[in-house]
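Below you'll find the structure, written out as structure tokens, and then a few comments.
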Amino acid sequence: MREASCIRREIDFCVFPSPLMGEGWGEGDINMKKIKINAPAGNLECLKAAVDAGANAVYIGFQSASNLRNFAGINFNFKTAKEGINYAHHHKVKVYVTVNSYPQAGELSICLKAIDDAYKLGADAVIVSDLAVLEYTRKNHPNLPIHLSVQAGASCLESIRFYRDEFGVNYFILPRTLTLKEIKEITASSKAKVELFASGSLCINYEGRCFLSSYITGESTNTEGTCSRPKFLSLEKKEDLIAKINGISINRFSDRELLISPALSARFFADESGQWKDSFLINRRQICKGRFFNKTTRDFDYPFQSPVYLNTLDLIPELSQAGIDAIKIEGRQRSEDYVRRSILVWKKALDDYASNPSGFKVASFLDTELDIMFESLEPSINCYLGK
Amino acid sequence: MGPAPFSWGKEKIKSFYKEIELAEVDNVFIGDIVCHKRHIFSSDELKEIINGLQNAEKKVFVSTLALVTNNKELEGIEEIIGLGDGVEANMMGVFNYFREKNPLVADKKLIAGAFLNIYNWKAAEYLSKFNVERIIMPFEISDSSIADIAKSISSKIEVYGWGNLSTALSWRCYTARSLDISRDECKMVCLDYPEGMVLETVDRQDLFIINGPQILSAKTHCLIEYIDKLKDIGVTSIRIEPSLKNTVEVINIYRQTIKGERDGKEAVEILNKFADHGLCNGWFLGKPGWEYVAA
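Chains A and B, in that order, are what the protein sequence lines are. So for the first sequence, the working numbering puts the first residue at 311; every next one is plus one. So for the second sequence, the working numbering puts the first residue at 158; every next one is plus one.
Structure representation (structure tokens):
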């Protein structure tokens with residue numbers, strides 16, 4: 311039975327293509343394509359910076375609960391989205407509109423309006439998770455390409471096949487739950503186009519199934535697009551400095567830890583002026599990056615994920631051989647400077663690989679550049695290595 | 158009754174379901190949702206447990222993994238999905254077997270698990286084309302959203318009524334990580350922790366339980382005070398999560414309360430004693446999940 315089911319999975323993809331089958335489902339030499347860069351843009355300035363820096367596509371969201379970076383002060387209205395899409399298209403850069411919330415009662419219309427607006431604006435694709443939003447998009451805008459959001463969590467061939475056959479999806483943003491070997495299994499058997507998170511904040515849990523923020527704050531990543539928002543962060547100075555989210559302690563920093571970096575220490579204790587909410591704490595406010603006591607082992611440590619950021623520059627050869635269509639840079643909530651610098655780093659690294667695949671080595675200044683942007687966090691690729 | 162949340166090993170699982178044969182539950186879900194390595198039974202062994210429950214007039218459903226990342230894990234699912242009265246799909250790929258009338262699931266009922274994220278009635282309605290018999294509501298969904306779904310569709314609606322709720326799932330095994338070993342080399346060390354590992358905050362508040370690649374709430378979710386409300390909004394079944402302690406007592410208390418033989422206030426006082434780290438139900442009331450709101 312095992313062998314038979316394996317064979318069937320491959321045959322299904324080759325013999326019964328979806329009627330909506332688009333580019334990316336046929337045979338082809340996937341290994342030789344240059345990886346594209348899909349960049350975040352939280353506002354018009356970021357979008358223009360991304361286009362100017364050489365992104366192949368930019369992903370944006372509207373100012374509504376339709377997408378998972380629903381933060382005050384970022385995202386687009388119809389007018390700015392129109393200007394942004396025109397700017398990008400003028401420079402032959404694609405724009406994808408993120409509509410990846412899971413709407414609850416009464417909120418579905420927000421997502422459906424976002425889909426309609428994306429279509430009217432001429433977006434190159436929409437990024438979607440919810441079944442109702444997927445169905446609406448396919449029925450009402452049959453020619454609008456759908457990218458399956460990472461939040462939908464299509465992590466294996468059968469799930470990919472489900473979304474392809476049901477909604478004509480031919481582009482998948484893979485969860486950060488797959489090893490390189492598993493990614494290759496998908497690209498080799500399905501010929502689906504896949505995009506992979508390559509740079510930025512690292513979610514260690516299965517996307518769309520993490521309710522840590524919702525459990526502590528009541529604000530859900532899935533439905534409200536927020537994860538441990540900074541407004542829930544507070545500090546309490548006792549013997550040590552205790553960081554809390556919505557009143558629940560998630561970390562404790564000793565004076566010794568703070569003294570490691572005088573600059574960080576200074577910022578910590580500047581809390582009366584409001585300056586303490588710096589990147590050090592912002593980067594550690596997610597509950598998955600909290601430190602807790604394990605009552606069994608008696609360890610006080612990071613049980614889920616130590617504070618790291620995702621940097622897969624070293625994996626460019628493997629990602630290329632795996633047939634990845636594009637890398638995704640995380641961070642619609644981040645600055646224009648971050649967007650520009652991240653793209654320039656990735657563009658240089660991908661160009662270096664394209665010009666000399668066999669002798670490729672990441673230039674050290676590129677790693678340094680990313681490290682600077684994620685000050686106080688260590689780089690990590692462990693999620694793609696199964697560690 | 159939901160599938161056993163923790164890694165218990167063959168003997169504990171067999172004796173647990175022997176006990177459940179006599180318990181007053183209608184449906185029993187069996188299988189492991191969080192880790193493929195915990196599929197420790199052969200098909201024949203699993204069938205024997207299922208037969209015992211079916212002979213005791215329970216409907217038995219096989220629950221699939223929620224996070225499937227490779228073909229080997231898919232093959233593991235294919236080995237078990239045909240063994241019971243139906244399948245609880247916790248990942249969308251399972252729907253292919255039903256759409257294509259795969260012989261593996263011939264005459265089997267299909268249930269949409271909580272990990273499918275069915276948050277609105279249109280998504281629920283979409284599943285009706287697959288003849289989904291029942292939809293398990295997402296953990297964090299509120300009463301008003303459940304009501305909105307229940308009034309709009311014909312499928313039955315089930316909510317989690319008792320147990321430690323899943324607050325996250327990962328590819329990384331947190332149990333192995335806490336012991337400094339990799340998931341690949343775990344040798345199922347989770348068997349040594351049949352109630353998981355409790356994590357507490359720096360101010361000594363029990364917050365989470367590590368269960369392999371899953372993070373559970375330390376508090377026990379409890380809706381016993383809201384039985385009438387659940388009925389009113391169209392919920393047709395309540396899920397009890399198994400535990401090594403007091404499961405049959407919990408079932409009995411829920412059953413008595415559903416029948417109106419026991420008051421919710423009185424019931425919660427007894428159930429509170431079974432919750433080692435306190436009770437919660439905030440999500441159902443539209444609040445942070447860890448809160449408990451008395452009726």
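Glycine included, each C-beta is placed from N, C-alpha and C at the ideal position.
Each of B:Ser-299, B:Val-191, B:Gln-362 and B:Glu-448 was checked against the Cα of Val-225 (chain B), and the nearest Cα belongs to B:Val-191. Checking the DSSP bridge columns, you'll see His-457 (chain A) partnered with A:Ile-437 and A:Tyr-481.
Taking 8 Å as the cut-off, the Cβ atoms of Ser-523 (chain A) and Ser-544 (chain A) do not count as close.
One finds Asn-277, Ser-301, Ser-302 and Asp-305 in chain B with Cβ atoms closer than 7 Å to the Cβ of Ala-415 (chain A), taken in chain order.
Judged by their CB atoms, Ser-327 (chain B) and Thr-606 (chain A) are not nearer to each other than the 8 Å cut-off.
Annotated three-state conformation of Ala-161 (chain B) is coil, per DSSP.
In this structure, A:Tyr-619 is the residue among A:Phe-507, A:Pro-627 and A:Tyr-619 with its C-alpha nearest to the C-alpha of Thr-678 (chain A). Taking a Cβ-Cβ threshold of 7 Å, the residues of chain A close to Ser-374 (chain B) are Tyr-525, in chain order. In summary, the residues of the segment 485-513 of chain A whose CB is separated from some CB of chain B by less than 7 Å are Thr-487, Leu-488, Glu-492 and Glu-495, in the order they occur in the chain. For Ile-207 (chain B) against Ile-187 (chain B), the beta-carbon gap comes to about 7 Å, under 8 Å, which counts as contact. Under the Cβ distance rule, Ser-285 (chain B) does not count among the residues neighbouring chain A, no pair being separated by less than 8 Å. Burial is judged here by how many other beta carbons sit within 10 angstroms of a residue's own beta carbon; Phe-365 (chain B) has at least 16 and is buried. The criterion of a C-beta distance shorter than 8 Å is satisfied by Ala-508 (chain A) and Ile-639 (chain A). DSSP, read as helix, strand or coil, puts Gly-421 (chain B) in helix.
Phe-365 (chain B): not part of any alpha helix (DSSP H); member of the beta strand (DSSP E) spanning 363-368, first to last residue. Cβ neighbours of Ser-376 (chain A) within its own chain (closer than 6 Å, five residues either side excluded): Val-409, Ser-411, Ile-420, Cys-421 and Ala-424. Close to Glu-468 (chain A), with beta-carbon spacing below 7 Å, are these residues of chain B in chain order: Leu-231, Gly-250 and Asn-253. With a 10 Å radius around the Cβ and a threshold of 16 neighbouring Cβ atoms, Ile-298 (chain B) comes out buried.
Secondary structure at Leu-356 (chain B): strand, using DSSP grouped into helix, strand and coil. For Ile-552 (chain A), the neighbours in chain B by C-beta distance under 7 Å run, in chain order, Val-359.
At least 8 Å separates the beta-carbon of Leu-687 (chain A) from that of Val-655 (chain A).
Scanning chain B for C-beta atoms nearer than 7 Å to the C-beta of Arg-562 (chain A) yields Val-359, reported in chain order. As computed with DSSP, His-196 (chain B) is found in no beta bridge at all. When Cβ-Cβ separations below 8 Å define contact, Leu-401 (chain B) makes no contact with chain A.
Under the three-state reduction of DSSP, Lys-392 (chain A) is assigned to helix. Ala-424 (chain A) carries a helical assignment under DSSP once its states are collapsed to helix, strand and coil.
DSSP links Val-244 (chain B) through a beta bridge to B:Val-219 and B:Leu-267. Using a C-beta cut-off of 8 Å, the segment 661-672 of chain A makes no contact with the segment 352-372 of chain B, since fewer than three inter-stretch Cβ pairs fall below that distance. Cα atoms of Arg-471 (chain A) and Asn-480 (chain A): separation of roughly 9 Å, rounded to the nearest angstrom. Between the alpha carbons of Gly-159 (chain B) and Ile-170 (chain B) lies a gap of roughly 13 Å. Taking 8 Å as the cut-off, the Cβ atoms of Tyr-369 (chain A) and Tyr-406 (chain A) count as close.
If you ignore the 5 residues before and after Ser-690 (chain A), its C-beta comes within less than 8 Å of the C-beta of Leu-512, Val-618, Tyr-619, Leu-620 and Asn-621, all in its own chain and listed in chain order. Taken atom to atom, the span from the alpha-carbon of Pro-162 (chain B) to that of Gly-364 (chain A) is near 48 Å. If you look at Arg-291 (chain B), you'll find it in the beta strand (DSSP E) that goes 289-293. Of the candidates B:Arg-340, B:Gly-250 and B:Asp-201, B:Arg-340 places its Cα closest to the Cα of Leu-695 (chain A). Note that the segment 200-215 of chain B does not touch the segment 386-395 of chain B; fewer than 3 beta-carbon pairs, one per stretch, sit closer than 8 Å.
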